[in-house]
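Notes follow once the structure below has been shown.
In our numbering, the protein residues as written are 40 to 452.
Have a look at this one:
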């Protein structure tokens with residue numbers, strides 16, 4: 040079977056265990072960023088990357104994928120694919136398919152892979168972040184720390200600031216692997232507020248690796264760090280894509296992504312467009328119980344404000360926390376959301392966006408409907424209400440004032 044046939048036909052194979060390892064701020068290692076945090080397969084504070092790369096868990100994962108065996112920890116991608124939406128697995132297979140023939144055949148009979156390849160670089164150096172989005176947690180946002188303690192009680196092993204950089208050996212290993220990097224992905228916390236992020240860019244420049252594709256997931260609230268301006272860096276790299284993390288606009292957007300100021304976000308986006316015209320801007324939107332009714336309004340707003348072209352709307356389905364999934368909504372709200380989305384699909388069919396943008400948006404909108412109706416999790420509505428009510432109290436916000444349409448069906452009191 041050819042590489043193309045294998046990558047397209049397999050329901051479980053993923054390139055990432057051969058070209059990537061995901062390091063969390065806690066120093067825990069996962070095979071990818073959608074793998075459960077509760078099931079790490081290594082820890083760079085106790086073992087080197089070289090040791091972890093061929094530990095028993097990693098070798099078994101590679102063998103299972105080659106043998107077509109499903110893995111319970113890969114359920115996120117399986118779930119996304121079940122509603123005909125593109126999963127992270129499928130996206131990475133497409134992105135790194137060109138490496139299949141040069142790497143996969145080198146796999147040993149026990150899953151051993153002699154050389155570490157970080158073609159896809161993704162190290163979350165810190166949880167430092169100035170936002171505390173409703174769907175996040177202290178693991179990936181330092182700003183969440185206080186709210187978490189007041190909601191769930193103090194957790195002795197949890198610290199406000201988490202950073203992997205105190206491990207000096209990790210930097211040595213990463214620097215030694217810099218020539219293997221093809222894509223450097225930066226997310227958070229908030230990467231533009233992390234010193235280690237700029238250190239990576241400096242190393243890439245020193246090693247004349249400015250052809251590396253820089254890919255970001257950023258709230259874009261801060262364009263300067265100490266004496267550094269991010270545009271000065273991006274202008275030294277040939278390929279840069281910035282996925283701005285936005286889930287809605289105006290009052291609703293500011294409610295879910297606490298810390299965001301919509302007008303400031305617009306100014307920063309325009310600044311990047313003016314000073315780094317080669318940077319490709321997209322919007323990364325996570326569909327959840329609070330914004331699924333407003334997908335059409337949000338997409339149209341982004342196009343009207345000339346933030347993105349129609350096809351540059353990246354939609355993800357929120358899986359965790361489970362009480363924020365769209366599947367939690369009562370049937371009445373699900374029906375309202377479905378009607379709105381289907382109506383927008385009909386509008387898009389008549390637009391002159393070109394076949395790619397038209398088909399892409401229609402497919403992702405239909406996948407939202409399918410995922411929403413895939414199962415009924417309305418029994419978790421009390422958890423949604425508790426989380427929402429508690430955060431409203433802590434942050435002096437109001438769900439009812441922000442989402443009056445939804446508040447008719449979901450009573451917090």
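Yeah, the Cβ is synthetic: ideal placement off N, Cα and C, and Gly gets one too.
With a 10 Å radius around its C-beta and 16 neighbouring C-beta atoms as the bar for buried, classify residue 432 as buried or exposed.
To locate residue 432, count along the chain shown from 1; it is residue 393. In summary, residue 432 is exposed, with fewer than 16 beta-carbon neighbours lying within 10 Å of its beta-carbon over all protein chains present.
Cβ neighbour criterion (16 or more within 10 Å) applied to residue 245
Indexing the chain shown from 1 puts residue 245 at position 206. Burial call: exposed.
For residue 168 and residue 41, I'd like the C-alpha separation in whole angstroms.
If you number the chain shown from 1, residue 168 lands on position 129. If you number the chain shown from 1, residue 41 lands on position 2. Residue 168 and residue 41 have their C-alpha atoms roughly 44 Å apart.
Which residues does DSSP list as the beta-bridge partners of residue 161?
Within the chain shown, the letter at position 122 stands for residue 161. Answer by DSSP bridge pairing, in chain order: 61.
Could you tell me the boundaries of the beta strand (DSSP E) in which residue 223 lies?
Indexing the chain shown from 1 puts residue 223 at position 184. That run of the beta strand (DSSP E) goes 222 to 225.
Taking the straight line between their C-alpha atoms, what separation do you get for residue 240 and residue 450?
As a first step, residue 240 must be located in the chain shown, where it is residue number 201. As a first step, residue 450 must be located in the chain shown, where it is residue number 411. About 48 Å.
Which full runs of the alpha helix (DSSP H) of 4+ residues lie inside the stretch 60 to 125, going along the chain?
Assignment of alpha helix (DSSP H) within the stretch 60 to 125, counting only whole runs of 4 or more residues, yields 88 to 92, 95 to 105, 114 to 121 in chain order.
Just to confirm before moving on: does the CB-CB distance between residue 424 and residue 404 stay below 8 Å?
For the purposes of this step, residue 424 is taken as the residue at position 385 of the chain shown. For the purposes of this step, residue 404 is taken as the residue at position 365 of the chain shown. Taking 8 Å as the Cβ cut-off, residue 424 and residue 404 do not qualify as a contacting pair.
Assuming residue 88 and residue 234 are in contact, meaning their beta carbons sit under 8 Å apart, how far apart are those beta carbons, in whole angstroms?
Taking the chain shown and counting its residues from 1, the one referred to as residue 88 is at position 49. Taking the chain shown and counting its residues from 1, the one referred to as residue 234 is at position 195. The beta carbons of residue 88 and residue 234 sit about 21 Å from each other, so the pair does not count as a contact at 8 Å.
Below 8 Å, how does it come out for the stretch 315 to 329 and the stretch 277 to 287: are there three or more Cβ pairs, yes or no?
As far as the Cβ criterion goes, the stretch 315 to 329 touches the stretch 277 to 287, which means the pair count is three or higher.
Cα-Cα separation, residue 448 to residue 192:
As a position in the chain shown, residue 448 is number 409, starting the count at 1. As a position in the chain shown, residue 192 is number 153, starting the count at 1. If you take the alpha carbons of residue 448 and residue 192, they lie about 30 Å apart.
Let me know if residue 395 comes out buried or exposed under the rule of 16 or more other beta-carbons within 10 Å of its beta-carbon.
Indexing the chain shown from 1 puts residue 395 at position 356. Taking all protein chains shown into account, residue 395 has fewer than 16 neighbouring C-beta atoms within 10 Å of its C-beta and is therefore exposed.
Mark residue 70 as exposed unless 16 or more other C-beta atoms lie within 10 angstroms of its C-beta, in which case mark it buried.
In the chain shown, residue 70 corresponds to position 31, counting from 1. That one is buried.
Hey, how far is the Cα of residue 129 from the Cα of residue 53?
Position 90 of the chain shown holds residue 129. Position 14 of the chain shown holds residue 53. For the pair residue 129 and residue 53, the Cα-to-Cα distance works out to about 7 Å.
So what's residue 288 in DSSP terms, helix, strand or just coil?
Translated into the one-based positions of the chain shown, residue 288 becomes position 249. DSSP, read as helix, strand or coil, puts residue 288 in coil.
Would you please state the rounded distance, in angstroms, between the beta carbons of residue 304 and residue 259? I believe it to be under 8 Å.
In the chain shown, counting from the first residue as 1, residue 304 sits at position 265. In the chain shown, counting from the first residue as 1, residue 259 sits at position 220. Taking 8 Å as the upper bound for CB-CB distance, residue 304 and residue 259 are in contact here, some 6 Å apart.
Which term fits residue 147, buried or exposed, when burial requires 16 or more other beta carbons within 10 angstroms of its beta carbon?
Position 108 of the chain shown holds residue 147. In this structure residue 147 is exposed. Its beta-carbon is surrounded by fewer than 16 other beta-carbon atoms within 10 angstroms.
Would you tell me roughly how many angstroms separate the C-alpha atoms of residue 441 and residue 298, rounded to the nearest one?
The sequence position of residue 441 within the chain shown is 402, counting from 1. The sequence position of residue 298 within the chain shown is 259, counting from 1. Cα to Cα, residue 441 sits roughly 15 Å from residue 298.
Go ahead and label residue 373 buried or exposed: buried means 16 or more other beta carbons lie within 10 angstroms of its beta carbon, across all protein chains shown.
The residue labelled residue 373 in the question sits at position 334 within the chain shown. That one is buried.
Once the 5 residues before and after residue 214 are set aside, which same chain residues still bring their CB inside 8 Å of it?
Taking the chain shown and counting its residues from 1, one reaches residue 214 at position 175. 242, listed in sequence order.
Under 8 Å, do residue 82 and residue 67 count as touching if we go by C-beta distance?
Stepping through the chain shown from its first residue, residue 82 is reached at position 43. Stepping through the chain shown from its first residue, residue 67 is reached at position 28. It is a contact, given that the beta carbons lie within the stated cut-off.
Name the residue from 166, 51, 266 whose alpha carbon lies nearest to the alpha carbon of residue 225.
Position 186 of the chain shown, counting from 1, holds the residue named residue 225. Considering only 166, 51, 266, the residue with the shortest C-alpha distance to residue 225 is 166.
The beta strand (DSSP E) with residue 219 in it runs from where to where?
Against the chain shown, residue 219 aligns to sequence position 180. Premise fails: residue 219 is in no beta strand (DSSP E) and is neither H nor E.
Please work out which residues of its chain come closer than 8 Å, Cβ to Cβ, to residue 390, disregarding the five sequence neighbours upstream and downstream, and give them in chain order.
Position 351 of the chain shown, counted from the start, is the residue given in the question as residue 390. 349, 397.
Residue burial classification, residue 366 (beta-carbon count within 10 angstroms, cutoff 16)
Numbered from its first residue, the chain shown carries residue 366 at position 327. It is buried - the Cβ of residue 366 has at least 16 other Cβ atoms within 10 Å.
Would you kindly work out how many angstroms separate the C-alpha atoms of residue 181 and residue 229, rounded to a whole number?
The sequence position of residue 181 within the chain shown is 142, counting from 1. The sequence position of residue 229 within the chain shown is 190, counting from 1. Residue 181 and residue 229: Cα-Cα distance of roughly 10 Å.
If you compare alpha carbons, which of 271, 284, 133, 220 is closest to residue 175?
As a working note, residue 175 is residue 136 in the chain shown. Answer by Cα proximity: 284.
So if DSSP puts residue 280 in a beta bridge, which residue, or which two residues, is it bridged to?
Counting from 1 along the chain shown, the entry for residue 280 is found at position 241. In the DSSP output, where bridge partners are listed per residue, residue 280 has 254, 319.
Residue 355 (DSSP reduced to helix, strand or coil):
Within the chain shown, residue 355 is the residue found at index 316, counting from 1. In the structure shown, residue 355 falls within a strand segment according to DSSP collapsed to helix, strand and coil.
Residue(s) in a DSSP beta bridge with residue 267:
Reading the chain shown from its first residue, position 228 is the one you call residue 267. Note: residue 267 sits in a beta bridge opposite 264.
Is the separation between the beta-carbon of residue 114 and that of residue 406 shorter than 8 Å?
The count along the chain shown starts at 1 and reaches residue 114 at position 75. The count along the chain shown starts at 1 and reaches residue 406 at position 367. No. Outside cutoff.
Quick check on DSSP: helix, strand or coil for residue 195?
Here residue 195 corresponds to residue number 156 of the chain shown, with the count starting at 1. Because residue 195 sits at a pLDDT of 42, beneath the cut-off of 50, its placement in the model cannot be relied upon, and the point is left open.
Let's test the definition: count the other Cβ atoms within 10 Å of the Cβ of residue 328 and tell me whether it reaches 16, buried, or not, exposed.
Within the chain shown, numbered from 1, the residue matching residue 328 stands at position 289. Result: buried.
Taking the beta carbon of residue 325 as the centre, do at least 16 other beta carbons fall within 10 Å, making it buried, or is it exposed?
Position 286 of the chain shown, counting from 1, holds the residue named residue 325. Residue 325 comes out buried.
DSSP on residue 249, reduced to helix/strand/coil?
Within the chain shown, residue 249 is the residue found at index 210, counting from 1. Annotated three-state conformation of residue 249 is coil, per DSSP.
Span of the alpha helix (DSSP H) around residue 410
Counted from its first residue, the chain shown places residue 410 at position 371. That run of the alpha helix (DSSP H) goes 394 to 411.
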